[in-house]
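Peer 1: Following this message is one structure expressed as structure tokens.
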Amino acid sequence: MMTPRERMVAALNRKIPDRVPTFELEFQLAPELMGREFLREEDMKNDSPKERERKLAENAQYMLQVYDRLEHDAICIHYLSEESTIETIHWLRKFSGNRYMLLAHGDGTFAIPDGARFEEFVYRIVDDPEDVHAEARAMRDAAIAHDRKLLEAGLDGFILCSDYCFNQGPFLSPKMFAEFVAPYLAEIIQAIRQEGGYAIKHTDGNIMPIIDQLVAANPHALHSLDPMAGVDIAEVKRLYGGAVALCGNVHCAAMQTGTIEEVTASAEYCLTHAKPGGGYVYCTSNIPFKGLPLERYLLVLDIWKRMRDY
């Protein structure tokens, strides 16, 4: 039997593991499952170095308890500063060795601006494109430096979490995306690969107008293949399964407000169409978010357990 990390490595390299691995970009239901939240950086703001060390070690143990219970194959480290993330990597390795794949955020490309900045960003692209490129280069360089530090500390790879798409399509036209985002994304991914790390590109929404560019940036995998935006994992597998691994597509909206039959159908569809030939990591189309009934997430895990073996 493979270890969880070996399973993730096989899937991200588009090979067939012993079973389909699973993980989540973020898991917000730890209190419902195990009784308390994960540690956040602000929880340590007044602590002495010794107390901070104690909390980080205890949190690492708690993370292992949560993700072991869920049978996840990768652990994503969240809510912590770069320094605290590095310490958490140390504790997770100390307590579990190389059993799990360890991931963290590592993107440095433009994402959908918030409402207050959207209009400003549009004007900048037209009026001062070189200034936008200068900012993109600075973001790229900061991300590469950050990612290198975490890889040197023992992290396995990154979820690149800049969201590019609405349900209707990307926030930039494909031509603008090719100018202001795609080259910098490719350089970040290349730097991760050169350091021996793994890169999973996350974006919600309808990625189909830019999916060729995302695949060309050479990530190990795409996440989350959003069914709420009409992304069909069977079609993505047919078109791109030979070039990139796939993660996600279990319908989060159905998990929150749909019927059990709709949730079951979505989960079974993903495993039926994305599992064959390897290169698939089972997970939701976003995250198990606060307010999602825990029993619905446990339901999709039960379906995974029934269908996961190769």
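For the sequence shown, my numbering gives the first residue as 10, with consecutive numbering after it. Here a beta-carbon is modelled for each residue, glycine too, at the ideal position from N, C-alpha and C.
(1) Exposed or buried, what is Gln-177 when buried is set at 16 or more other beta-carbons lying within 10 Å of its beta-carbon?
(2) Which two residues bound the contiguous alpha helix (DSSP H) that contains Ser-275?
(3) List the residues that DSSP assigns as beta-bridge partners of Ala-208.
(4) Quick check on the DSSP output: the beta strand (DSSP E) that includes Leu-111 runs from which residue to which?
(5) Buried or exposed for Gly-166, please, with buried defined as at least 16 other CB atoms from any protein chain shown within 10 angstroms of its CB.
(6) Using the C-alpha atoms, what's the distance from Cys-292 back to Ala-230?
(7) If you follow the alpha helix (DSSP H) that Gly-286 is in, where does it begin and where does it stop?
(8) Taking Pro-58 as the reference, which of Glu-92, Phe-298, Ile-197, Ile-134 has the closest Cα?
(9) Residues bridged to Ser-233 by DSSP?
(10) In whole angstroms, give me the CA-to-CA distance for Glu-60 and His-260.
(11) Phe-175 and Ile-134 - do their beta-carbons sit closer together than 9 angstroms?
(12) Which whole-angstrom value is the C-beta distance of Leu-48 and Asn-22, which I expect to be below 8 angstroms?
(13) Quickly, what does DSSP pair Ala-83 with across the bridge? List them, please.
(14) Just verifying my parser: in three-state terms, what is the DSSP assignment at Thr-293?
(15) Any idea if Met-10 is buried or exposed, counting beta-carbon neighbours within 10 angstroms, 16 or more meaning buried?
(16) Return the bridge partner residues of Thr-31 from the DSSP annotation.
(17) Which same chain residues end up closer than 7 angstroms to Glu-50 when comparing Cβ atoms and leaving out the 5 residues on each side of it in sequence?
(18) Go ahead and pull the three-state DSSP assignment for Pro-179.
(19) What span of residues does the alpha helix (DSSP H) with Gly-124 cover, start to end?
(20) Is it buried or exposed for Leu-303, if we count other Cβ within 10 angstroms and need 16 for buried?
(21) I need the DSSP call for Asp-140, collapsed to helix, strand or coil.
(22) DSSP has Asp-318 in a bridge; who is on the other side?
(23) So, under 8 angstroms CB-CB, Ile-95 and Leu-111 are touching, yes? Tell me the CB distance rounded to an integer number of Å.
(24) To which residues of the same chain is Asn-258 closer than 6 angstroms at the C-beta, ignoring the five residues directly before and after it?
Peer 2: This is what the structure gives:
(1) exposed
(2) 269-283
(3) Phe-167
(4) 110-114
(5) buried
(6) 13 angstroms
(7) Note, Gly-286: premise wrong, no alpha helix (DSSP H); not H, not E.
(8) Glu-92
(9) Gly-257
(10) 41 angstroms
(11) no
(12) In fact, because the Cβ distance is near 32 angstroms, the residues do not count as touching under 8 angstroms.
(13) Met-110
(14) strand
(15) exposed
(16) Tyr-291
(17) Tyr-88, Leu-89, Ser-90, Ser-93
(18) strand
(19) 124-136
(20) exposed
(21) helix
(22) Arg-28
(23) About 11 angstroms separates the two Cβ atoms, so there is no contact after all.
(24) Leu-234, Pro-236, Ile-242, Cys-279, Ser-294
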